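Undergrad: Below is one structure. I have some questions about it.
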Amino acid sequence: MASAEIEALSSALARLPGLGPRSARRAVLHLVKKRETALPALLDALLAVQDTLEECRICGNVDTRDPCGICAD
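Be aware that the sequence shown starts at 0, since it is given in numbering that gives the first Met the number 0, and climbs by one per residue.
Here's what the structure looks like:
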């Protein structure tokens, strides 16, 4: 039986577009098996997205600034 942590992460990933429960679980198991290489890279990428990207209030584009580079011109 899988741990609560695996189930929680699988459930969170399954809510993303294009990932169903089985694909999400496979991704989680891959991350667990390759934790030394895959997890740090994924964590860094997620934190970078959280800290630097935002949605443009005018067009909804994702950029590092608001308004985005397209709408700012």
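Here a beta-carbon is modelled for each residue, glycine too, at the ideal position from N, C-alpha and C.
Computed from a predicted model, the values in this text were never measured in an experiment.
1. Here's a check: name, in chain order, each residue in its chain whose Cβ is nearer than 8 angstroms to the Cβ of T63, leaving out the five neighbours to either side.
2. Which same chain residues end up closer than 7 angstroms to C55 when comparing Cβ atoms and leaving out the 5 residues on each side of it in sequence?
3. Near C58, what residues of its chain come up, given a Cβ to Cβ distance below 6 angstroms and the 5 sequence neighbours on each side ignored?
4. Out of D72, I5, V48, point me to the one whose CA is closest to A26's CA.
5. Quick test of your reading: L38 and L30, contact by CB under 8 angstroms. State the CB separation rounded to the nearest angstrom.
TA: Taking the coordinates as given:
1. Working through the sequence shown from its first residue, we reach residue 63 at position 64. Apart from the 5 residues on each side of it in sequence, T63 sits with its Cβ closer than 8 angstroms to the Cβ of T51, L52, E53 in its chain, given in chain order.
2. On the sequence shown, position 56 is the one that residue 55 refers to. In chain order, D62, D65, P66, C67, C70 place their CB closer than 7 angstroms to the CB of C55, counting only its own chain and leaving out the 5 sequence neighbours on each side.
3. Position 59 of the sequence shown holds residue 58. Only C70 meet the Cβ criterion.
4. Numbered from 1 along the sequence shown, position 27 holds the residue referred to as residue 26. By alpha-carbon distance to A26, the top candidate from D72, I5, V48 is I5.
5. For the purposes of this step, residue 38 is identified with residue 39 of the sequence shown, where counting begins at 1. For the purposes of this step, residue 30 is identified with residue 31 of the sequence shown, where counting begins at 1. 6 angstroms between Cβ atoms; contact.
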